[in-house]
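Chains as they are written, first to last, in this note's numbering: chain A, 1 to 248; chain B, 1001 to 1637. A virtual CB, placed ideally from N, CA and C, is assigned to each residue, including glycine. Here the structure is laid out as structure tokens; the discussion comes afterwards.
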Amino acid sequence: MNLTLHIWRQENTTAEGRFSTYRVEEISPDMSFLEMLDVLNERLINKGEVPVEFEHDCREGICGTCSLMVNGVPHGPEKGTTTCQLHMRKFKDGDEITIEPWRAKAFPVLKDLVVDRSAFDRIIQKGGYISANTGNAPDGNAIPIPKPDADWAFEAAACIGCGACVAACKNASASLFVAAKVTHLGLLPQGQPERYLRVTAMVEQMDQEGFGSCTNTYDCEGACPKQISVRNIARMNRDYLKAKIMGN
Amino acid sequence: MKLDSKIPSGPIESKWSNHKFDLKLVNPANKRKYTVIVVGTGLAGAAAAASLAELGYKVLCFTYHDSPRRAHSIAAQGGINAAKNYQNDGDSVHRLFYDTIKGGDFRAREANVHRLAEVSLNIIDQCVAQGVPFAREYSGYLSNRSFGGAQVSRTFYARGQTGQQLLIGAYSALSKMVGSGAVKLFTRKEMMDLVLVNGHARGIVTRDLATGKIESFAADAVCLATGGYSNVFYLSTNAMACNVTAAFRAYKKGAGFANPCYTQIHPTCIPVSGDHQSKLTLMSESLRNDGRIWVPKKQGDNRPPSQIPEDERDYYLERKYPSFGNLSPRDIASRSAKEACDDGRGVGPGGRGVYLDFADAISRLGEKAISARYGNLFDMYQQITGENPYKVPMRIYPAPHYTMGGLWVDYNLMSTIPGLHVLGEANFSDHGANRLGASALMQGLADGYFVIPYTIGGYLAEAKQSAVNTDMTEFKLAVKQTEEQIAKLISIKGKRSPTSFHRELGLLMWDKCGMARNEQGLKQAIDKIPAIREEFWQNVNVLGDAANVNQSLELAGRVADFLEFGEMMCHDALHRNESCGGHFREEYQTEDGEAKRNDDEFAYAGVWEYTGLGKKPNLHKESLAFENVKLATRSYK
Ligand SMILES: Cc1cc2nc3c(=O)[nH]c(=O)nc-3n(C[C@H](O)[C@H](O)[C@H](O)COP(=O)(O)OP(=O)(O)OC[C@H]3O[C@@H](n4cnc5c(N)ncnc54)[C@H](O)[C@@H]3O)c2cc1C
Ligand code: SF4
Ligand code: FES
Chain A
1 MNLTLHIWRQ ENTTAEGRFS TYRVEEISPD MSFLEMLDVL NERLINKGEV PVEFEHDCRE
61 GICGTCSLMV NGVPHGPEKG TTTCQLHMRK FKDGDEITIE PWRAKAFPVL KDLVVDRSAF
121 DRIIQKGGYI SANTGNAPDG NAIPIPKPDA DWAFEAAACI GCGACVAACK NASASLFVAA
181 KVTHLGLLPQ GQPERYLRVT AMVEQMDQEG FGSCTNTYDC EGACPKQISV RNIARMNRDY
241 LKAKIMGN
Chain B
1001 MKLDSKIPSG PIESKWSNHK FDLKLVNPAN KRKYTVIVVG TGLAGAAAAA SLAELGYKVL
1061 CFTYHDSPRR AHSIAAQGGI NAAKNYQNDG DSVHRLFYDT IKGGDFRARE ANVHRLAEVS
1121 LNIIDQCVAQ GVPFAREYSG YLSNRSFGGA QVSRTFYARG QTGQQLLIGA YSALSKMVGS
1181 GAVKLFTRKE MMDLVLVNGH ARGIVTRDLA TGKIESFAAD AVCLATGGYS NVFYLSTNAM
1241 ACNVTAAFRA YKKGAGFANP CYTQIHPTCI PVSGDHQSKL TLMSESLRND GRIWVPKKQG
1301 DNRPPSQIPE DERDYYLERK YPSFGNLSPR DIASRSAKEA CDDGRGVGPG GRGVYLDFAD
1361 AISRLGEKAI SARYGNLFDM YQQITGENPY KVPMRIYPAP HYTMGGLWVD YNLMSTIPGL
1421 HVLGEANFSD HGANRLGASA LMQGLADGYF VIPYTIGGYL AEAKQSAVNT DMTEFKLAVK
1481 QTEEQIAKLI SIKGKRSPTS FHRELGLLMW DKCGMARNEQ GLKQAIDKIP AIREEFWQNV
1541 NVLGDAANVN QSLELAGRVA DFLEFGEMMC HDALHRNESC GGHFREEYQT EDGEAKRNDD
1601 EFAYAGVWEY TGLGKKPNLH KESLAFENVK LATRSYK
């Protein structure tokens, strides 16, 4: 199939960006979306043009590196799917496709479609852990964990840190990402001692990084490739409130 | 080059505990005076960086990813082994040790493997304490499964995301230490070279992948945890950026590289769908618990699978290996698939595929049960291929997946360069010629959490090196050489993309040094690689600016190293006149096509020493003694 691509090109963080239009021909429906961009880049290189920078690594939907806004939707049209797992058979011959980076104040563009998501790491560094120095651990079966708690914790832990939730949110809020971690650790018995310190530290860092606040529009859940539920946000808000009352 | 494995004396069960006692300790107040560089934030690197910082060392930790959490460990699906014997099914440290030695086809060092089996117990405890959400039973206790052909259930897992959950655990421990200031984290920084002072590893040179800045960093010891080199084949199940650069640059600085020809080809991957293919996707091995593998009996039979009657199908693994059947080890399953396809009985486009059929399991257990077990894998398969595996059998084909070879290390995980330690997939230590399923995660975490924190202290307490800084000539020279290489790559402005060279090399390696190798093919590859390399240095086209994000430039640097590394790999495969584990030399097989080991001549680790560009490297040998497991032919019939 043949497609027209409108791709955001931006030299660096401070430069002004713009859309450039490219035609790609003879795209196979078996290609992944990123392989289609590989084809474009090979052709650009062969013509002596600078290729489009976009991030990707595992191409299996698990590392959270790929991060494209496809026709205004983070990770594109298929629900519960990362950009790298999106395949061209979801598109039609003649389609026009707009490709942009995540847009959020806390995720500055480095070049073209590549953004800096290190704000997420800094939030985790403030409290997204259970303090268990190597060597301290009791036997793995010493603390049985009720399966429903373990399952919910697991679902929250499935977050891949891609940032689609932020890109989808009109306020560029990171609430879904933070809530997923707060829930994962806060549901487990091991996570109790630091539960309220954790939520306070993480929420405060999120605000400092310049993410917006959550106004319950729930676009994040719809965009999340791991379908992390917004009920985690409610849980985080309850913990945060409780922490404040407790004076944490 | 001297290979001293430093295996402690005494009975195998007490070597590690004795050694821990014998190792010199660094006084707690002195630890903060030592700086350790850790390159890599996968399971091995993140675990090491966090644990060393907890002990009080100053740690500088590097990754080329934008976040430590993106390391390729994240992609591991199946699980992690540990000899907990929670299932009361007869597992023990000794059995895990025995299985790993045998599975590695008697080409691993006994003492290291025994230590690995011992600390496997602590790994699970540590991960649970960090909040890793392993699968649990309704009782609330941890669940296990049998994996990769093991006869006991010793694999811990977190649905199909074990690697992700373990890495998030290690990443959170690392993040805590970054938050506290004990670890300085450098993301988007690629190690380009190793810096030696007085023959000791004292620092690294890096390129910042956002700004292009070349810098150097000094330390008292360096740990590489930079992963494997499967991408020498271009197509593999590894992430796109996985590469051999860090290990290879260390090799060029004098570190011995062991057994590069031991590569693992995983039997269950989605076949190549066309020339556009950029990577291959693994379908978890657990599928072989319920799926049956077959090809048509007739050559060139291109009827749809549903129209091929039962008696015209060849369930070749069940036929050839009645006791292990579809659960035969990876090397055997992969090679059998290749044989069937070479015989003209492969299925799907290009004839390079075999069926993995769930029809029997679905009719026995129902679609619901199968979906509960493998739902996400089936969905992934459908997303990629557009075919519904509940209705038509999956098509699979082997793909490069893991590399057992790596930088040679002694029992303390130190390479032949004093002070340079190597952890995880980047070293050669524990898997011999073939790795068992669910053992790489175990090894990465063992090295990072439970081995290096002890052994590095022994090195630092004894090495007593003087202080160094990045103003020294050694550092400045290494920075200059890196700058020159980058400038060279940018200036060539040839006609071919870096990817096109990577693909050309990969196809050649896959063809001549892949699942089956022979003398003639390897010699051809050794002739051909220098020619590709030469063309690369004259005709590669790297566009854009070196002082900006530039993925073509990153790739070009990595491909340049693969183009030298591939040649060494072929030399290793050519010299090893036997078949063992993942290394199958067509000349050395039994009458019924099984691998034929030659213990009299080849029971050693082959360690290569760099001698200059385009020159044949020198071979050194560490002979392997089997005192606790009797050398035997691996049979899965
Ligand atoms: C698809 C797949 C599934 C798997 N499933 C399983 C499984 O179920 N069970 C199992 O036991 N094993 C499995 N494995 C194998 C296992 O995942 C890996 O062997 C293991 O995770 C490697 O960990 P590591 O820490 O050594 O390296 P990696 O996780 O690869 O980390 C390498 C790190 O080094 C950094 N790095 C590399 N080079 C440089 C450089 N030059 N400069 C700066 N940083 C650098 C990278 O950024 C990264 O942080 C699987 C592998 C694959 C590919
Ligand atoms: S919550 Fe979902 S969308 Fe947000 S970072 Fe995690 S996986 Fe990505
Ligand atoms: S590239 Fe890893 S999730 Fe898309």
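A check of alpha carbon separations from B/G1148 across B/R1070, B/Y1397, B/A1333, B/R1069 identifies B/A1333 as the nearest.
Cα atoms of B/Q1077 and B/G1346: separation of roughly 27 Å, rounded to the nearest angstrom.
Within the model, the alpha-carbon separation for A/G127 versus A/R198 is close to 5 Å. Within chain A, the residues placing a beta-carbon under 9 Å from that of B/L1543 are L44, I45, G48, E49, V50, P51, ordered along the chain. Rounded to whole angstroms, A/G161 and A/G64 show a C-alpha spacing of 6 Å. When C-beta distances to chain B are compared with 7 Å, the residues of the stretch 19-32 of chain A below that value are S28, D30, M31, in chain order. Counting other Cβ atoms within 10 Å of its Cβ, A/L241 stays below 16 and is therefore classed as exposed. Linking A/Y129 to B/G1131 through their CA atoms gives a straight-line distance of about 8 Å.
Taking C-beta atoms under 8 Å as the contact rule, A/A167 and A/P74 qualify, at a distance of about 4 Å. Taken through DSSP and simplified to helix, strand or coil, A/P74 comes out as strand. Under the 8 Å Cβ criterion, the stretch 1538-1553 of chain B does not count as touching the stretch 1249-1260 of chain B, having fewer than three qualifying pairs. Taking A/G48 as reference, the option from B/G1544, B/V1272, B/K1615, B/N1289 with the minimal CA-CA separation is B/G1544.
Between B/Y1411 and B/Y1459, the alpha-carbon positions lie close to 12 Å from each other. In the structure shown, the three-state DSSP call for B/T1211 is coil.
Nearest CB-CB separation between A/V114 and chain B: below the 7 Å threshold.
Nearest C-alpha to A/N133 among B/L1052, B/G1103, B/N1085: B/L1052.
Leaving aside the five residues that flank B/L1185 on each side, the residues in its chain whose CB is nearer than 6 Å to its CB run, in chain order, C1061, V1178.
B/S1429 has a beta carbon lying at 7 Å or more from every beta carbon in chain A.
In chain order, R9 place their CB closer than 7 Å to the CB of A/R18, counting only its own chain and leaving out the 5 sequence neighbours on each side. Cβ-Cβ separation between B/P1296 and B/R1319: approximately 14 Å, too far for a contact (criterion under 8 Å). Closer than 6 Å to some heavy atom of ligand 2: that describes the Cβ of A/C159. Chain-order list of chain B residues neighbouring A/T134: A1047, A1050, S1051, E1054, Q1126, A1173, Y1449, F1450, P1453, by C-beta distance under 8 Å. Checking the DSSP bridge columns, you'll see B/S1552 has no partner listed.
Rounded to whole angstroms, the Cβ separation of B/K1512 and B/G1521 is 4 Å, and the two are in contact under 8 Å.
Closer than 7 Å to the CB of A/D139 there is at least one CB belonging to chain B.
For A/P146, the nearest CB of chain B lies under 7 Å from its own CB, placing it at the interface with that chain. Shortest Cα-Cα distance from B/G1582 to any of B/S1230, B/A1111, B/N1122 involves B/S1230. Under the three-state reduction of DSSP, B/P1349 is assigned to helix. Listed along chain A are A150, A153, F154, A157, H184, L188, each with a C-beta nearer than 8 Å to that of B/P1133. Within the same chain, Cβ atoms closer than 7 Å to the Cβ of B/Y1454 are found at K1020, L1023, the five residues on either side in sequence being excluded.
Among the CB atoms of chain A, one or more fall inside 7 Å of the CB of B/V1178. Taking all protein chains shown into account, B/E1285 has 16 or more neighbouring C-beta atoms within 10 Å of its C-beta and is therefore buried. Taking a C-beta cut-off of 8 Å against chain B, the contacting residues of the stretch 102-126 of chain A are L110, K111, D112, V114, D116, R117, S118, F120, D121, I124, Q125, K126, listed in chain order. At a beta-carbon threshold of 7 Å, the residues of chain A lying near B/R1070 are D57, C63, G64, T65, ordered along the chain.
If the five residues before and after A/A172 are omitted, its C-beta is found closer than 7 Å to the C-beta atoms of A104, K105, A106, V166, F211, G212, all from its own chain and listed in chain order. Residues of chain B whose Cβ lies closer than 8 Å to the Cβ of A/G191 are, in chain order, G1131.
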